[in-house]
Structure formats: structure tokens, C-alpha cells
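**Student:** In the numbering used here, the protein residues as written are 64 to 414.
Ideal Cβ placement from N, Cα and C applies to all residues, glycine included.
Treat the numbers as computed from the prediction; the structure is a model and nothing was measured.
One structure is given below, represented as C-alpha cells, and several questions about it will come after.
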């Protein structure tokens, strides 16, 4: 009895082990970061805009404190990402260490948050020592389904005549768009992109902009063009027809009567035969639909509507010959023209 009492007494007196933590336990291990001069406990009622502005201010202060104290690399090594391939500069020093990558990431995040805070709060002042730098440009690739649809000319419809369609798309979206990959350069051009492996990748559009909205806008415009080229038949593709007309204007081969077929049947339009006959005008009588050689009024010399205008363009010696006058009998005709006409008739008599 005394031994059992002693063991129980010693068990009560011995220090107990710390309770084992479980992920299902109710206790929380979260500790709020200690930020100098900031109170993280919100006690007064605030609107959604005020809460958002205060959250931006807290996050900016937290990043600024990390950059100033050089507490950049997180202590939890489990959440670290896989290190990329080492890169070195001309002096042999590594340029993409873990410390440098985290510092660049925090600097870019702070700059983006300060830009948002300046838009939300009119009287906002950035932290001391902050210098605004050019934000890093966002780059994305939009791959073109050339292998799935080899019969579609995606490059032609994206570029357009002399690259004008691609320029218009880039202007509308505010991003820089270039074609890269296999097939983007004609054979024999010899153009190489030094320091880039894009030419070994499938055909794609390389989109570069300074904001995510511009990149998404460019992707939507290019996706719309690609879907139109795939779904719409060639004879109903208005974008391609407009590009062909623009290319003809650039090359100087554009005809305004393109698309007018014989017996079109559309109201208010002119058929092909009638249009061609209207375009032919006789220089003798001024009529439409025949030439001067086939004019029936050429022998009689009568002039119909518009004949006076055509008569003014006819040389005097030709008018005299058409009316059957003899050389030298018309005082209003230049004698030199009459003599030249008679000389031609002697040298080249009509058969």
C-alpha cells in the first residue's frame, strides 16, 4: 500500500509532457506580424472601401519593414519553390539567388500596391525612400492551332495586308504583338532572334504589355480572329475579303466593279452587261454602248446628245473629212492641217 501510494504521489509530482498538437485541434498557431506604428485590431465600424484601403496600407508597411530589415526569405522551408537554373553575369556572380528573387518579388508587389493605394486614396503618400520604377512588362503566349487546322491561313488573317491588321489589333489593345515560332519567318529571309528559343516552339503570338488588362484585351481580339478563320467559310469571311481589297489598293490593282456578276438579281444594283455597256461611250455621237467605229451616225455626221462636247474634241480636218468637204474650201479650217491631211492621203491612199 505504501509503495503504491508513493508511486501515485511521485506521478503527481513529476512534470507532465506538453500536449501533442494536432491539426484537428481548436488552438490556432497564427501570430499577427508586429508592425511598428500600426494597430491591426479594427474596433470602429468601417466601410468596404476603408477596409480595402487599410489592408493596402498594412501590406505596404509589412513589405517595407521586410525590405528595410532584410527579412526577405521566409522561414518556412516547406513552402519554398523549386530553385530555377542558376544564372551568372559577366563577372561570374549568380544573379538569381533565392534572396534576390524574393527581394525582386516583394519590390514588384510593393510597387503595384502603392499604385493601387494612390488610386484609392487621394492624399496617400508612399513610404520614405520609395522610388517609382518602370513596372515589369507582362508577357504571355497565345498558341495558334496550326496542326489542328492546316488548311487555314492564320498568319495571313492575323497580319493582314503589309501587317496592317496586326498593327490595328495592337493599337486597339495597347499591347505589343509579334508572331513567333515555326512558320512565322519566310524561308530564306535569314532573320534570327539571338538569345531566344521562340523559333523552336509552335507558332504563337507573343503578347507584351505593362498591365494585365491590356494583355487580356489583346488575347480576346486575337482569339476572335482565330475563331473567325476556323468557323467562317472563306467565301463568307468578311475580314479576309476586306484584307484582299486593302491589299489590292496598296498594290494598285483594285477594281471598283469587283463582286458585280451577271444577272445578280439584287434590287438597286447594275448587272455586269449593263455596267460594261454604260462604261463604253462613243466619241462621235456621245452615246453609250458602242464605240466610234460602230457608230451609225458617223457617215451622216448627225450629232446626238453630248455630240457637241465630242465635236469640240475632234480636230478640224477630221470634221471636214467626215462632212465630205474638200481641202481648201473651209475658211475656218487651218490651211496647214488641210495640207497635211492631203499629204497623208497621197502617201497612204485608202484601199
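Taking the DSSP output, what are the residues bridged to residue 287?
**Tutor:** For the purposes of this step, residue 287 is taken as the residue at position 224 of the chain shown. Answer is none; residue 287 lacks a bridge partner.
**Student:** For residue 411, which residues in the same chain have their Cβ closer than 7 Å to its Cβ, ignoring the five residues on either side in sequence?
**Tutor:** Translated into positions along the chain shown, residue 411 becomes position 348. Excluding sequence neighbours, residue 411 sits near nothing in its chain.
**Student:** Could you tell me which residues DSSP puts in a beta bridge with residue 205?
**Tutor:** Working through the chain shown from its first residue, we reach residue 205 at position 142. According to DSSP, which records beta bridges pairwise, residue 205 is partnered with 268.
**Student:** Please state if the CB of residue 281 and the CB of residue 220 are separated by a distance shorter than 7 Å.
**Tutor:** Numbered from its first residue, the chain shown carries residue 220 at position 157. Numbered from its first residue, the chain shown carries residue 281 at position 218. Not in contact: residue 220 and residue 281 (Cβ atoms no closer than 7 Å).
**Student:** Taking the beta strand (DSSP E) that residue 225 belongs to, which residues open and close that run?
**Tutor:** What you label residue 225 is simply residue 162 of the chain shown in a count that begins at 1. Run containing residue 225: none; DSSP gives neither H nor E here.
**Student:** Roughly how far, in whole angstroms, is the beta-carbon of residue 229 from the beta-carbon of residue 244, given that I think they are within contact range, below 8 Å?
**Tutor:** By 1-based counting over the chain shown, the position of residue 229 is 166. By 1-based counting over the chain shown, the position of residue 244 is 181. That belief does not hold up - the Cβ atoms of residue 229 and residue 244 are roughly 15 Å apart, past 8 Å.
**Student:** Any contact between the segment 276-290 and the segment 234-242? By contact I mean 3 or more CB pairs, one from each, below 8 Å.
**Tutor:** The segment 276-290 vs the segment 234-242: in contact.
**Student:** Check whether chain B comes within 7 Å of residue 247, counting only Cβ atoms and requiring the distance to be less than that.
**Tutor:** As a matter of chain content, chain B is missing from the structure shown, which is built from one protein chain.
**Student:** Can you tell me whether residue 212 is buried or exposed, with buried defined as 16 or more other CB within 10 angstroms of its CB?
**Tutor:** Against the chain shown, residue 212 aligns to sequence position 149. It counts as exposed.
**Student:** Could you check if residue 407 is buried or exposed, using at least 16 other CB atoms within 10 Å of its CB as the buried criterion?
**Tutor:** In the chain shown, the residue the question calls residue 407 occupies position 344. Under this definition residue 407 is an exposed residue.
**Student:** Is it the case that the Cβ atoms of residue 123 and residue 129 are separated by a distance below 7 Å?
**Tutor:** Working through the chain shown from its first residue, we reach residue 123 at position 60. Working through the chain shown from its first residue, we reach residue 129 at position 66. Against a cut-off of 7 Å, the Cβ pair of residue 129 and residue 123 comes out as no contact.
**Student:** Tell me which same chain residues have a C-beta within less than 6 Å of the C-beta of residue 409, skipping the five on either side of it?
**Tutor:** The count along the chain shown starts at 1 and reaches residue 409 at position 346. Excluding residues within five positions, none has a Cβ falling inside 6 Å.
**Student:** Which term fits residue 105, buried or exposed, when burial requires 16 or more other beta carbons within 10 angstroms of its beta carbon?
**Tutor:** What you label residue 105 is simply residue 42 of the chain shown in a count that begins at 1. Flag for residue 105 reads exposed.
**Student:** Could you give the C-beta distance for residue 151 and residue 158, rounded to a whole number, given that I count them as a contact under 8 Å?
**Tutor:** Along the chain shown, read from residue 1 onward, the residue named residue 151 stands at position 88. Along the chain shown, read from residue 1 onward, the residue named residue 158 stands at position 95. Indeed, because the Cβ distance is near 7 Å, the residues count as touching under 8 Å.
**Student:** State the Cα-Cα distance for the pair residue 127 and residue 190, rounded to the nearest angstrom.
**Tutor:** Against the chain shown, residue 127 aligns to sequence position 64. Against the chain shown, residue 190 aligns to sequence position 127. So the two alpha carbons sit approximately 8 Å from each other.
**Student:** So the alpha helix (DSSP H) residue 123 belongs to, where does it begin and stop?
**Tutor:** In the chain shown, the residue the question calls residue 123 occupies position 60. First-last of the alpha helix (DSSP H) with residue 123: 111-132.
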